[in-house]
Structure formats: structure tokens, C-alpha cells
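Trainee:
There are 2 protein chains.
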Amino acid sequence: MDRQFDLLLRRPDDPRGDLYDAMRHATIGGGKRLRPLLVHATGRLFGVAADALARVSLAIECIHTYSLIHDDLPMMDDDDMRRGKPTVHKAFDEATAILAGDCLHALAFEILADAATHSDPAVRADLVLELARASGPTGMAGGQMMDLRAQGAGFDLPTVTRLQALKTGALIGCAVESGAILGHVPPEGRTGLRGYARDIGLAFQIADDILDVEGDEEAAGKKLRKDGDRGKETFLSLLGLERAREQAAMLVEQAIDHLHGFGTEADLLRTIARYTLERDR
Amino acid sequence: MDRQFDLLLRRPDDPRGDLYDAMRHATIGGGKRLRPLLVHATGRLFGVAADALARVSLAIECIHTYSLIHDDLPMMDDDDMRRGKPTVHKAFDEATAILAGDCLHALAFEILADAATHSDPAVRADLVLELARASGPTGMAGGQMMDLRAQGAGFDLPTVTRLQALKTGALIGCAVESGAILGHVPPEGRTGLRGYARDIGLAFQIADDILDVEGDEEAAGKKLRKDGDRGKETFLSLLGLERAREQAAMLVEQAIDHLHGFGTEADLLRTIARYTLERDR
Numbered sequence: 001m002d003r004q005f006d007l008l009l010r011r012p013d014d015p016r017g018d019l020y021d022a023m024r025h026a027t028i029g030g031g032k033r034l035r036p037l038l039v040h041a042t043g044r045l046f047g048v049a050a051d052a053l054a055r056v057s058l059a060i061e062c063i064h065t066y067s068l069i070h071d072d073l074p075m076m077d078d079d080d081m082r083r084g085k086p087t088v089h090k091a092f093d094e095a096t097a098i099l100a101g102d103c104l105h106a107l108a109f110e111i112l113a114d115a116a117t118h119s120d121p122a123v124r125a126d127l128v129l130e131l132a133r134a135s136g137p138t139g140m141a142g143g144q145m146m147d148l149r150a151q152g153a154g155f156d157l158p159t160v161t162r163l164q165a166l167k168t169g170a171l172i173g174c175a176v177e178s179g180a181i182l183g184h185v186p187p188e189g190r191t192g193l194r195g196y197a198r199d200i201g202l203a204f205q206i207a208d209d210i211l212d213v214e215g216d217e218e219a220a221g222k223k224l225r226k227d228g229d230r231g232k233e234t235f236l237s238l239l240g241l242e243r244a245r246e247q248a249a250m251l252v253e254q255a256i257d258h259l260h261g262f263g264t265e266a267d268l269l270r271t272i273a274r275y276t277l278e279r280d281r
Numbered sequence: 001m002d003r004q005f006d007l008l009l010r011r012p013d014d015p016r017g018d019l020y021d022a023m024r025h026a027t028i029g030g031g032k033r034l035r036p037l038l039v040h041a042t043g044r045l046f047g048v049a050a051d052a053l054a055r056v057s058l059a060i061e062c063i064h065t066y067s068l069i070h071d072d073l074p075m076m077d078d079d080d081m082r083r084g085k086p087t088v089h090k091a092f093d094e095a096t097a098i099l100a101g102d103c104l105h106a107l108a109f110e111i112l113a114d115a116a117t118h119s120d121p122a123v124r125a126d127l128v129l130e131l132a133r134a135s136g137p138t139g140m141a142g143g144q145m146m147d148l149r150a151q152g153a154g155f156d157l158p159t160v161t162r163l164q165a166l167k168t169g170a171l172i173g174c175a176v177e178s179g180a181i182l183g184h185v186p187p188e189g190r191t192g193l194r195g196y197a198r199d200i201g202l203a204f205q206i207a208d209d210i211l212d213v214e215g216d217e218e219a220a221g222k223k224l225r226k227d228g229d230r231g232k233e234t235f236l237s238l239l240g241l242e243r244a245r246e247q248a249a250m251l252v253e254q255a256i257d258h259l260h261g262f263g264t265e266a267d268l269l270r271t272i273a274r275y276t277l278e279r280d281r
């Protein structure tokens, strides 16, 4: 991923230099790369070429990174550290951070629509549609809006579940679906994979809530213990630690069950499902 | 356009209400709608169906509006009024403004990639590619970055020309090219239209610089006389009023010359070229 971002974001020798430096700062050298891993693990099930998977991974990681840059801004979640480095608005300034996010947002769709990603334009248009829906008001950005309104709102479990399904679940789902789109799997053939993605998305978020309380800031590379300070309900605050752990473990088993139609070729997806709980960052 | 935005942005009954209200505030009831007009005027040359032109217009206006919302933020151009109304971060708050911009950005690509826009997926993928390039770091957002660095930088005429070609020219060019893409005109058949768009884009910007100095704030619906205050070079500061007016008139004639291959069916494009200079907002 780092090499791909390095090639994509060659610094021009003009007044846009800082803009590219900011995008490079945010994208190169860090992150779990969970969404790219899901694209590759799913694409492999259907024999998709590695270079198509790499380009789609790059596009989805562009969207994920743009959302981190914007969410970290002072008027949003106000974070100073991300992936063990200063956030973009700290390393540069707020205006550059907003524009770097906007540019990664546009680059994601430029990558997907380019003929180099897939020879079939119907596949490219489908990938764009999937990613746009997953990242807009009915997906990731809509979830972030709900999260901004969560403070002191006393959201109940169904509302927190919906918030997280939008905020983190939609893009995780898009990563899995994109691997299948590249494999020419029609929508009705993706039901199991969609269930898998929904379950690991929620398990991932419950694990995040637990890490926020129990984790190590150095390993996480960002500030923790923020949700409680802000009076936001989370899976942890609503379920308690023991039930949250049980729920996450149950979701991982359920995610793996959704893969019953696949043999050993889906073992990477099964490993990723277990990793969502075992990670320390 | 207002009716289209009203249908696109139906307010959901959940914590995302403000997000939709903010998008509605920014998109409904205002703006010159220059880019939609260019899409329609160009598409008409090639007999493109009106509903396809309407959807592409909506997508490009989503991008234009997202850029206004983000550019108006305090850490960017810091504007309180836009189209005669409070800017989004004034009417709502900065976090909502950032997310409303991000959502309109994603919606633009969702609209273009949807099969309802055009039955041919190759056309849809081309539209996405064109708009992504026009709005990202090599287009609009790159131009805004240059503009942020213009303050006190003493940019020369070629640099200001490049800044404006990116900041406003790229999206104006995209509007014209999109009309041609919908008409299945191959890239090599769009040279004249591309020249037309480049020339009216620059004429439009020179007129903007003149309006910034000579215009009426009420008619413009926004604060004027800002560039001079901020020590930014503009076409006007570099050329002086008389030469700036001459240059703009010359560009309009040149734009109309680019349409020599078309008959009366291009009269709307010719009228738009003249309008770029005659407008009061």
C-alpha cells in the first residue's frame, strides 16, 4: 500500500506541494489496512487479478483515510495523534487537512473509474456506485453525523448499532462487496459475504470500544478513553464488558458461519474475522 | 435544479436530520447554475436526452456546492454570506458543514454511476473519471490549495492563470465535456469545446475579479473586496482594469470562435460566453 500511495502522490513542484505532503503523511506508513485485506481476501475467492484488487484497495483506503483526516479535525473529534503520528491538521494546518481529505475523496473515484482498474466499464461503474453509497450520507459520513449527535443523547442499543453499521460497517461491507464485484458475482450471489461483512463490522466496533477502555495508547497510536469522557453511549456502556465480549465472540462465529459455502479458499476471511477481536490496535 | 435537490435530499427522521438540512440549505434556492446550463447547452448539440442532462447537472452542482461549503469555512476563505444567505457553518456549525460537503461530494459520484443516468456503463464510467479529475488535486481542490498559498506570495500572471484554470476552469470544462460524453463524442472530437470552456472559464474569473472590486454586495449575495485585503494577486491587480476588461472581451470572442463548426444549435453556448462578462453576480 505504501508503495502504491508513493506512486499515486508524487509531489508536484508548485504551490500544491503541502497538499501532496499532507496526503502522503496521512496515507503512507501506518494503519491496519483492514479494508485492503478484505478486498484481497474476497477477490481471491473468485480468482480476481491481483492488480485490480490492488487498485480497488487503494481507492477504498483513500476514502478511509480522508474520513480519518476530517474526523480528527478540532470541530469534529479533535484528535492530535493518529497511527502514532500527529494528525494532518497538527502536522500541517486545518485548511490543508480539509483539502487533503477532499483530494483523497476525489482520487478514490478517479482510481475506480480508470480503465486500468478493470477492462469492463460496467464493473468500474458498479465499484463507483458501491463506494459512493458506502461513504456518503447513507453510509460512513451519515454515521459520523450520528456520532456527532451521540454526545449526551442517550442512544439505545438499536441506535448505536445503526450508527456503527453506517460509520464503520458500510465501508467494511464495501471492501468485501468490491472483491465480489471484481469477480463478476451478481448482487444475489453476495448475500453470505454481506452477512459476513456486517457481522465482522460490528465485532470490530465492539472490540474498538473495549480497546478504548482497556487498550494501550502507544500500541493504538491514538488517544483512548474518549467516549466515556464525552458522554457517548457505546456497545460497552450499554452491554457491560462481559456481555460485550460475548456478543463480539458470537458475531465472529456468525460471520464465519456465513462462509459455509466456501472451502479453504476462504480461510483468510475466517482469520480476519478472528483478528477483529484479537488485535491490540 | 431546486426540485431535483428537494427529491435527492429528503430529510430522514433520525439523528442525520441536520446533515440533510445543511445540504438542502446549500443547494436549494440560489446560485447562477452556470455549470448545469453548460451541461444542457452542450448536450443539446448532440441530441442528448434531457433527463440524462439533468442528472449530470445535479452531480456537477453537488461538487460545486460542496466546494463552496468547504471554501467558506473559517480556516479557509472565512465567509459568512453566500448566495444571499448565511454560509452553512454559520447557519449550522463547522462539523456539520464539513460533513454536508463530504456528503454532496459522495452523492455526485453516486448519481453519475447509477444506471438511471445513462444506460451505457462506459458513459457512466467516463463521466465519473472526468468529474473526479476536474475536482481533485489536479483540478478544483488543487486550485483552492494554490489560492490558499496566494496570500502575499506575489504570484505572476502565468501562476494566477494556472491557479484559476484549476480552481474554477476545471469544473466548467467538465460541465462542457460531460455534455459531449453523454453525446458519445470521442475525446478527439471535443477539442473545440474544450477550448471554448477554457476561454469562458478565464473570462468568467476575470469578470469575478472585476465584480470583486466594482460589484454590489447585495446583488452578489456575498462579501466582496476581499482579494485586495488579503494581498492576493489577481488578473485585475496584475493587468489593471482596462487591460483586464480587454482580455476578458478577447477571451469571449475566442471562445465563440471555437464554436465555428456549429450552427445556430450552439447559440446558447454563445449567449453563455457573453453572459460571463455581463452578469452582476
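Chains as they are written, first to last, in this note's numbering: chain A, 1 to 281; chain B, 1 to 281. Quick reminder that beta carbons are idealized off the backbone N, C-alpha and C, glycines included. Note that the structure is predicted; figures quoted are calculated from it, not measured.
1. Just how far apart, CA to CA, sit Ala-49 (chain B) and Tyr-66 (chain A)?
2. Taking CB distances under 8 Å as the criterion, tell me whether Pro-121 (chain B) reaches chain A.
3. If you follow the alpha helix (DSSP H) that Asp-51 (chain B) is part of, which residue opens it and which one closes it?
4. Spatial neighbours of Val-135 (chain B) within its chain, please: C-beta separation below 6 Å, excluding the five flanking residues on both sides.
5. By how many angstroms is the C-alpha of Asp-51 (chain A) removed from the C-alpha of Met-11 (chain A)?
6. What are the residues that DSSP puts in a beta bridge with Lys-85 (chain B)?
7. Name the chain B residues that come within less than 7 Å of Gln-144 (chain A), Cβ to Cβ?
8. Kindly indicate the opening and closing residues of the alpha helix (DSSP H) around Gln-151 (chain A).
9. Please determine, among B:Ala-54, B:Arg-83, B:Ala-95, the residue with the shortest C-alpha to C-alpha distance to Ala-219 (chain B).
10. Between Leu-171 (chain A) and chain B, is the shortest Cβ-Cβ distance under 8 Å, so that the two count as touching?
11. So which residues of chain A does Arg-82 (chain B) contact, with C-beta pairs closer than 8 Å?
12. Which chain B residues are close to Glu-110 (chain A), counting only those with a beta carbon under 7 Å from its beta carbon?
13. Tell me which residue opens and which closes the alpha helix (DSSP H) that Gly-101 (chain B) is part of.
14. Ends of the alpha helix (DSSP H) at Gly-17 (chain B)?
15. Once DSSP output is grouped into helix, strand and coil, what is the label at Glu-233 (chain A)?
16. Taking Met-250 (chain A) as part of the alpha helix (DSSP H), name the residues at either end of that continuous run.
17. So, does the CB of Leu-307 (chain A) fall closer than 8 Å to a CB anywhere in chain B?
18. At 7 Å on the CB atoms, spell out the chain B contacts of Glu-94 (chain A), in chain order.
19. Would DSSP call Ala-141 (chain A) helix, strand or coil?
20. So, Gln-144 (chain A) versus Asp-71 (chain A), is the Cβ gap smaller than 8 Å?
21. In three-state DSSP terms, what is Thr-117 (chain B)?
22. Would you decide whether Met-140 (chain A) is buried or exposed? Buried here means 16 or more other CB atoms lie within 10 Å of its CB.
23. Helix, strand or coil for Lys-226 (chain B)? Go by DSSP, reduced to three states.
24. Between which residues of its own chain and Asp-126 (chain B) is the CB-CB distance below 6 Å, once the five residues before and five after are set aside?
25. Cβ of Leu-182 (chain B) less than 8 Å from any chain A Cβ?
26. Establish whether the CB of Cys-103 (chain B) and some CB of chain A are separated by less than 8 Å.
27. Locate the alpha helix (DSSP H) running through Thr-271 (chain B), then write down its first and last residues.
Mentor: Concretely, from the data shown:
1. 35 Å
2. yes
3. 50 to 71
4. Contrary to the premise, residue 135 (chain B) reads as Ser rather than Val in this sequence. Closer than 6 Å at the Cβ level, and outside the excluded window around Ser-135 (chain B), lie Ile-63.
5. As written in the sequence, residue 11 (chain A) is Arg, which differs from the Met given in the question. Looking at the two C-alpha atoms, the distance is approximately 24 Å.
6. B:Arg-82
7. Leu-99
8. Element bounds for Gln-151 (chain A): n/a, residue is neither H nor E.
9. B:Arg-83
10. Judged by the 8 Å Cβ criterion, Leu-171 (chain A) is not in contact with chain B.
11. The contacting residues do not exist; Arg-82 (chain B) stays about 17 Å from chain A at best.
12. Going along chain B in sequence order, the residues near Glu-110 (chain A) (Cβ under 7 Å) are Leu-129, Ala-132, Arg-133, Gly-136.
13. 94 to 113
14. 17 to 27
15. coil
16. 241 to 257
17. Given a span of 1 to 281 for chain A in the structure shown, any question on residue 307 (chain A) remains unanswerable.
18. Taking the beta carbon of Glu-94 (chain A) as reference, the chain B residues within 7 Å of it are Met-75, listed in sequence order.
19. helix
20. yes
21. coil
22. buried
23. coil
24. Ile-181
25. no
26. yes
27. Per DSSP, Thr-271 (chain B) is one residue of the alpha helix (DSSP H) stretching across 267 to 278.
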